[in-house]
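*Asks:* Residue numbers for the sequence shown follow the working numbering, beginning at 3 and rising by one. Cβ atoms here follow ideal geometry from the backbone N, Cα and C, with glycine treated the same way. The structure displayed is predicted, hence computed values, not measured ones.
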Amino acid sequence: MFDTWRVRRYHQPAEVVLDENGEPTKFTAWGRTYAVAEQAGSYWEELLPWWQNEHADKTVEELTIRHFRVRANGPQCSAVVELVQRNGDWFVEGVED
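(1) Considering only residues of the same chain and omitting the five flanking positions on each side of GLN54, which have a CB-CB separation below 7 angstroms?
(2) Which partner residues does ALA37 have in the DSSP bridge list?
(3) If you draw a straight line from the C-alpha of TRP1 to the C-alpha of ILE67, how long is it?
(4) Please check the pair ARG71 and GLU84, which I expect to be a contact at CB under 8 angstroms, by giving their CB distance rounded to whole angstroms.
(5) Count the other C-beta atoms from every protein chain shown that fall within 10 angstroms of the C-beta of TRP92, then say buried if there are 16 or more, exposed otherwise.
(6) How long is the line joining the alpha carbons of TYR45 and HIS69, rounded to whole angstroms?
(7) Going by DSSP, what residue range makes up the alpha helix (DSSP H) through GLU63?
(8) Tell me which same chain residues have a C-beta within less than 7 angstroms of the C-beta of GLN14, skipping the five on either side of it?
(9) Tell me whether GLU48 sits in a helix, a strand or coil according to DSSP, three-state version.
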């Protein structure tokens, strides 16, 4: 996980390109494209609270949140980025630089 005192939190929509293994290779957010240099930590999944009424009719796939922690190189710098996929949509959730 991130050192929370050095992380800026976002929920920025992103477009993500995946390799044949389903891992991010590049992403676009804030109008800029970033190349993924390496995985910077473990991949993990979590489930939204399926027992709550708002999630009662959702499938396991719809409830699954996927997290990727990667080192990304952008136009001006590099940073460790947490990319999150929720129900097919991608977001930049955090940046540690």
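*Replies:* This is what the structure gives:
(1) By the criterion of a C-beta distance shorter than 7 angstroms, GLN54 is surrounded by no residue of its chain, once the five residues flanking it on both sides are discounted.
(2) Answer by DSSP bridge pairing, in chain order: LYS28, ASN75.
(3) Given that the chain is displayed from residue 3 to residue 99, the structure contains no residue 1 and the question cannot be resolved.
(4) Beta-carbon to beta-carbon, ARG71 and GLU84 are separated by about 5 angstroms, close enough to satisfy the 8 angstroms threshold.
(5) Classification of TRP92: buried, given that the 10 Å Cβ count is 16 or more.
(6) Rounded to the nearest angstrom, the gap between the Cα atoms of TYR45 and HIS69 is 6 angstroms.
(7) GLU63 -> alpha helix (DSSP H) spans 62-65.
(8) So the list reads ALA31, TRP32, PHE93, VAL94, once near-sequence residues are dropped.
(9) The DSSP-derived three-state label of GLU48 is strand.
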